[in-house]
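In what follows, a structure is listed as structure tokens, so that the remarks can point back to it.
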Amino acid sequence: MPEPGFDQIRRLSGPPDRDYGLTRSFLQRGQNCTFQLRGPNGTVESPGFPYGYPNYANCTWTITAEDQHRIQLVFQSFALEEDFDVLSVFDGPPQPENLRTRLTGFQLPATIVSAATTLSLRLISDYAVSAQGFHASYEDLNPDIFWENTANQAW
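This note's numbering numbers the first residue of the sequence shown as 6 and each following residue consecutively.
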């Protein structure tokens with residue numbers, strides 16, 4: 006059952022007699038949304054992507070990796086109304102002291118690797134003009150493999 010204020014559609018992939026349980030919620034104007042993500046990898050995208058995010062959006066994604074692991078976030082698409090709509094990235098829970106960077110505009114951001122096991126994103130949009138939004142993939146990085154690859158690249 007969708008949360009109040011949400012419209013929900015179900016996308017099926019594969020044979021029509023099998024429900025794969027893939028769902029996407031579309032935010033209505035002025036609503037908040039919160040997502041908790043776990044697992045070795047996945048995707049994060051703004052509500053309504055690629056058709057545009059709603060005005061007055063306030064959405065938070067918290068990605069949690071296994072203990073001692075880090076999270077790598079790679080953007081495939083990024084388009085937010087410059088200076089008015091912002092995606093804030095936090096190392097840890099979405100609190101001011103954990104703010105890492107604020108992303109806005111139409112330039113594809115560089116890959117982000119978390120400093121610890123949690124990476125949070127918060128999208129805030131204003132009252133007018135929205136763009137396509139963003140789409141990114143995340144991956145849980147094993148520290149042994151991560152540090153080995155980093156050391157090899159330095160040489």
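Positions of the beta carbon are idealized from the N, C-alpha and C atoms, including for glycine.
Cβ distance (whole Å) where residue i is taken to contact residue j below 8 Å
| i | j | result |
| --- | --- | --- |
| Ala62 | Gln137 | Actually they do not touch by this definition, with Cβ atoms about 13 Å apart. |
| Leu78 | Thr116 | 7 Å |
Rounded straight-line distance, which links the Cα of residue j to that of residue i
| i | j | result |
| --- | --- | --- |
| Glu144 | Trp66 | 14 Å |
| Phe139 | Asp149 | 30 Å |
| Gly26 | Leu124 | Any answer about Gly26 is weak, because its pLDDT of 35 lies below 50 and its placement is not dependable; what the coordinates show is given next. Roughly 25 Å separates the two Cα atoms. |
| Glu87 | Leu128 | 13 Å |
| Ile76 | Leu42 | 11 Å |
According to DSSP, residues forming a beta bridge with residue i
| i | result |
| --- | --- |
| Ala136 | Paired residue(s): none; Ala136 is not in a bridge. |
| Ser125 | Thr67, Phe95 |
| Ala84 | Gly138 |
| Arg107 | Ser93 |
| Thr48 | Ser142 |
| Ile117 | Leu78 |
| Gln41 | Thr67 |
C-beta contact flag for residue i and residue j at 8 Å
| i | j | result |
| --- | --- | --- |
| Phe89 | Leu113 | no |
| Ser135 | Gly57 | yes |
| Asp96 | Ala70 | no |
| Val94 | Thr106 | yes |
| Val49 | Ala133 | no |
8 Å Cβ cutoff, residue i in contact with chain C
| i | result |
| --- | --- |
| Gly44 | This model lacks chain C altogether; it includes just one protein chain. |
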